[in-house]
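What follows is one structure encoded as structure tokens, with my remarks underneath.
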Amino acid sequence: MYRYDEFDAKIVADRVAQFRGQVARRVEGDITEDEFKPLRLMNGVYLQLHAYMLRIAIPYGTLNAAQLRKLAFIARTYDKNFGHITTRQNIQFNWPALTDIPDILDHLAEVEMHAIQTSGNCIRNVTSDQFAGAGADELEDPRPWCEIIRQWSTFHPEFSFLPRKFKIAVTAAPEDRAAVRVHDIGLHMKKNEAGEVGFEVLVGGGLGRTPYIGQVIREFLPKDHLLSYLEAILRVYNSLGRRDNIYKARIKILVNELGAEAFRDMVEAEWAVMDKSRIDLPGDEIERIHAYFAAPDFEDDLDTGDFDSAQKSDKGFARWVRHNVRAHKQPGYASVTISLKPTSMAPGDITSEQMELIADIAQTHCFDEVRTTHEQNLVLPHVKKADLHAIYKKLAPYGLGSSNAGLVSDIIACPGLDYCNLANTRSIPLAQRIQKRFEDLDRQENIGELKIKISGCINACGHHHVGHIGILGVDKKGEEFYQVTLGGSAAEDASIGEIVGRGLSTDEVVDAIENLISFYLGERSDGERFVDTYRRLGPDPFKEALYVA
Amino acid sequence: MLLKLENETLARVNAEAAQDIPDFGVWQAQEPRGTAVRIANDINLAAEEFDPSGLELIVLDFPKYKDGRAYTQARTLRECYGFEGDIRAAGDVLRDQVLFMARCGFTSFELADGVLERSGGVEGFEKSLKDFDLFYQPGVKGTALWRLRGLSGATEKERLAAAGIKG
């Protein structure tokens, strides 16, 4: 993974010093709260319902053991002993005191971490495929390009006061695990006819109040010109993006008001006159960054040890292998999804003890690497198959052995009304009730892949628009109601779910989800996932099924 | 209240206030055209027939400090039009944005009443201007870090020195 040189380290240290001064001036009353707000937001500090919240960047979801241990220390020392993995692969702490935050940032800087641009109307943490560098299906590791974007976008002088927040995702596999089609800019690495790898550039995707699937504005962008092309897109957006209405300020609105072709023409015109050599990185710098992401020293001709026999003797392990273990490009290795969705916890929550355990496992078994996922889980990207049973046995006693990756209980949920001052409804308790209803593992396995995503308000932080089943919380005269959408997807077959029927009360909603699933089980053909059956039959029969008593 | 940036330092200067400088429409109609213009932030310079030769001062506006359109205007003036005169930031100009402004090509800053007093004075603004001395990307002011990294064979001290930092 990327390691800081003396320059990166100095920039982060300077940022901590700057923020310490800004907090002191706020405490003195020299800065108004209105003036302070974007300064703290650009350093990941939100004011939530009950307390300040600090969101820490995990660039493209890559962590090492020392970093995870530091996060455990922060959770224990400054928070209530847990952190929360977000849908941008970041981690947030819900209970720090504002005056402690500069100290927390000092601790983070010791392990090359920060909270830079995890909020605010700027370019946010760039996200990627959690199996980058491990998946057999990728063209190349997309993370060097993520790191190049991270550096370019950090304190960009021109793009730190954009009309609205700006999110970029990069993937290099045909199966899109980074949801690039629902990002402000999605970069999908592809080969052109000459066999060269470049970027397909999508613009204007996004969720929120007005969901859109991104549109391709360039089929193939040579890799070397990535930064100048991004700069051209951002420049058009910064000039023309709407600032009169916060709900119409994202680039998706601009792209759809202008039309994708007109928008593309403006970007291309800007790009044509730009001095690209000033902005694009030279080859040796691109190589320098790539060198940090060289594949680890995989061993050849590995024995798989007790991998097969343990699956026969340990049914729990066998189930975990079926759902949470994934093929690796290197024979003898596998990638593991560590589920943060056991029935008893808020989706994505992780305790200090769990972080420390995973840090130990990463160090011993996984080349010192852990990933966070946008589905709010963790991944051990490169482990020997021979070590899997031992890893499972270490994880399970800590509540980390749930065999539900991709299943009905692997729910994405926003923090909801339990934490957030924008939310209309609670999300976490609903996720827990659905998990409880489908607790039986055989039943979950029989249902198969099913992505449930819950947002506690129209801002869609729980990505409900792209859930196979999406649930949106709405407030009706002070009462919590839930609106169900069906058929969404954030993957390469991206689609926005359709609203079915009226809002459901808290008492009705879990039964309704069960009705939908029962209907699917009765109707599915061989190998069909829930979303496939929905797409084949259309919304009407599902709408009827929703209300079956 | 106007601060002018020269040789990395800020100095208080007296000059005509932004509100007394002709706006873009008035300036375009002038015959001959004056040497100063005030350009609203919704004028897209990339789409205008615009000739800045003869101009000594261009005032760009921040109606609210959160409205960042003038950053793009300033960079466009410097990098596409090659404008070398004074670019002044006017409106809601605060100490915490002054480094971003300088990096986009602003060279003077017109402050609203009371801002300097609660910002630690000129020194406070100068301090914010020096919050960072290393930059990941090129700006009108400030060398991109990758150019410094590219100094092959240089020691850490030499590379920091190239960035203007005493080791």
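Heads up: the sequence lines are chains A and B, in that order. Counting from 812, one number per residue, gives the positions in the first sequence under the numbering used here. Counting from -4, one number per residue, gives the positions in the second sequence under the numbering used here. Don't be surprised by glycine CBs; every beta carbon is placed ideally from N, CA and C.
Among the candidates the options, whose CA atom is the shortest distance from the CA of residue i?
| i | options | result |
| --- | --- | --- |
| Phe893/A | Tyr871/A, Thr873/A, Met864/A | Met864/A |
| Pro1022/A | Ala989/A, Arg1046/A, Asn1067/A | Asn1067/A |
| Thr1154/A | Ser1238/A, Leu1206/A, Ile896/A, Asp1221/A | Asp1221/A |
| Leu883/A | Ile902/A, Gly872/A, Thr873/A | It is worth fixing the name first, because residue 883/A is Ala in this sequence and not Leu. Per the Cα distances, Ile902/A. |
| Ala752/A | Gly1116/A, Leu1113/A, Ile1028/A, Asp1108/A | The question about residue 752/A has no answer here: the residues shown for chain A are numbered 812 through 1360. |
| Leu1357/A | Leu1297/A, Arg1340/A, Asp1304/A, Arg1346/A | Leu1297/A |
| Lys1087/A | Leu143/B, Arg144/B, Pro133/B, Leu140/B | Pro133/B |
| Met851/A | Gln900/A, Thr910/A, Arg814/A | The question names Met, but residue 851/A is Arg in the sequence shown. Of Gln900/A, Thr910/A, Arg814/A, the residue nearest in Cα terms is Thr910/A. |
| Ile1161/A | Ala886/A, Val838/A, Phe830/A | Ala886/A |
| Asp126/B | Gln829/A, Glu1096/A, Phe1010/A, Phe904/A | Gln829/A |
| Cys75/B | Ala12/B, Val54/B, Leu129/B, Val135/B | Val135/B |
| Ala983/A | Ala945/A, Glu969/A, His967/A | Ala945/A |
| Tyr1048/A | Ala97/B, Asp128/B, Asp37/B, Gln23/B | Asp37/B |
| Asp128/B | Phe966/A, Glu1303/A, Lys1001/A, Gly1009/A | Phe966/A |
| Val856/A | Glu839/A, His925/A, Asp819/A | His925/A |
| Ile912/A | Asn875/A, Arg992/A, Val827/A | Val827/A |
| Glu79/B | Tyr131/B, Ala35/B, Ser103/B, Val88/B | Ser103/B |
| Ile867/A | Phe1330/A, Ile896/A, Pro1350/A | Ile896/A |
| Met1077/A | Val32/B, Leu(-2)/B, Ala41/B, Arg98/B | Ala41/B |
| Pro1226/A | Arg1046/A, Ala1157/A, Gly1052/A | Ala1157/A |
Can you give me the C-alpha to C-alpha distance between residue i and residue j, rounded to a whole angstrom?
| i | j | result |
| --- | --- | --- |
| Gln941/A | Gly1273/A | 18 Å |
| Asp825/A | Glu921/A | 13 Å |
| Ile1245/A | Tyr1203/A | 25 Å |
| Pro870/A | Glu1186/A | 15 Å |
| Val937/A | Met812/A | 15 Å |
| Ala1201/A | Tyr66/B | 55 Å |
| Ala1242/A | Asn1056/A | 32 Å |
| Trp1082/A | Pro1033/A | 13 Å |
| Gln1122/A | Phe1128/A | 6 Å |
| Ala12/B | Glu105/B | 8 Å |
| Gly1259/A | Gln68/B | 53 Å |
| Asp1112/A | Ala980/A | 35 Å |
| Leu1191/A | Ile1172/A | 9 Å |
| Ala1234/A | Asn905/A | 15 Å |
| Asn1232/A | Gly1019/A | 16 Å |
| Ile1064/A | Gly1070/A | 10 Å |
| Asp1337/A | Leu1261/A | 15 Å |
| Phe972/A | Gly1143/A | 48 Å |
| Gln859/A | Glu3/B | 40 Å |
| Asp1251/A | Phe977/A | 40 Å |
| Ile1149/A | Glu1290/A | 36 Å |
| Tyr815/A | Glu923/A | 7 Å |
| Gly162/B | Ile1307/A | Low confidence applies here, because Gly162/B scores a pLDDT of 43, under 50, leaving its location unreliable and the question unanswered by this model. |
Would residue i be called buried (16 or more neighbouring beta carbons within 10 Å of its own) or exposed?
| i | result |
| --- | --- |
| Leu1316/A | First, the amino acid is wrong: residue 1316/A is Ser here, not Leu. Per the 10 Å Cβ criterion, exposed. |
| Thr30/B | exposed |
| His1176/A | buried |
| Phe1353/A | buried |
| Arg935/A | buried |
| Val1342/A | buried |
| Ser166/B | This structure cannot speak to residue 166/B, because chain B is shown only from -4 to 162. |
| Gln25/B | exposed |
| Tyr1345/A | buried |
| Ala1102/A | exposed |
| Lys1264/A | buried |
| Gly1006/A | exposed |
| Tyr1058/A | exposed |
| Asp948/A | exposed |
| Gln14/B | exposed |
So who's on the other strand from residue i, going by DSSP bridges?
| i | result |
| --- | --- |
| Asp914/A | Answer by DSSP bridge pairing: none, since Asp914/A is not bridged. |
| Ser1146/A | Arg1137/A |
| Leu858/A | Tyr863/A |
| Phe1292/A | Val1285/A, Ser1316/A |
| Lys1264/A | Ile1223/A, Gly1281/A |
| Phe104/B | Leu(-2)/B, Ala84/B |
| Leu1032/A | Phe1010/A |
| Ala139/B | Phe130/B |
| Ser1300/A | Ser1306/A |
| Phe893/A | Thr1162/A |
| Lys1001/A | Gly1009/A |
| Gly1017/A | Tyr1023/A |
Cβ-heavy atom distance between residue i and the ligand ATP below 7 Å?
| i | result |
| --- | --- |
| Ser1214/A | Absence of the ligand ATP from the depicted structure is noted, as is the absence of any ligand whatsoever, leaving it without description. |
Exercise. What are the complete alpha helix (DSSP H) segments, minimum 4 residues, inside the segment 1190 to 1215 of chain A?
Worked result: For the segment 1190 to 1215 of chain A, the full-length alpha helix (DSSP H) segments reaching 4 residues or more read 1199 to 1206 along the chain.
Problem set entry | Runs of alpha helix (DSSP H) wholly within the segment 896 to 966 of chain A (minimum 4 residues, chain order) | Counting only runs that start and end inside the segment 896 to 966 of chain A, the alpha helix (DSSP H) elements of at least 4 residues fall at 912 to 921, 954 to 964.
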